[in-house]
Amino acid sequence: HIFTFDLDENDGKTRVRFSHSGWPEQDDFYANCAFSWGRYMESLRQLCQTGRGEAYGSVGYRK
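See the structure below:
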């Protein structure tokens, strides 16, 4: 699997683009990983904007 994080500037802000490639098939494991990466990226956005993210397992993590 290949993980790629690309950073660039967009309207004076930093934009993060993430991709995870090399999946042999889009099965349940793929779906779970896609959801988890999305949740992680949202937590990272919250951390950068507010100083507080949602750590894995925290009360707000799966909301």
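Taken in order, the sequence shown gives residues 32 to 94; the numbers are from this note's numbering. All C-beta atoms, glycine included, are put in the ideal place defined by N, C-alpha and C. None of these values were measured; they are calculated from a predicted model.
Ends of the beta strand (DSSP E) at residue i?
i	result
Arg48	Lys44 to Ser52
Glu40	Ile33 to Asn41
Taking 8 Å as the threshold (C-beta atoms), are residue j and residue i in contact?
i	j	result
His51	Phe36	no
Could you check which residue in the options has the C-alpha nearest to that of residue i?
i	options	result
Gly91	Ala65, Asp39 and Tyr71	Tyr71
Lys44	Tyr87, Gly82, Gly88 and Arg76	Arg76
Whose C-beta lies closer than 8 Å to the C-beta of residue i among residues of the same chain, with five residues either side of it excluded?
i	result
His32	His51, Ser52, Gly53 and Trp54
Arg83	Gln77
Tell me which residues share the same chain as residue i and place their Cβ nearer than 7 Å to its Cβ, disregarding the 5 neighbours each side in the sequence.
i	result
Asp39	Arg46
Which two residues bound the contiguous alpha helix (DSSP H) that contains residue i?
i	result
Gln77	Asp59 to Thr81
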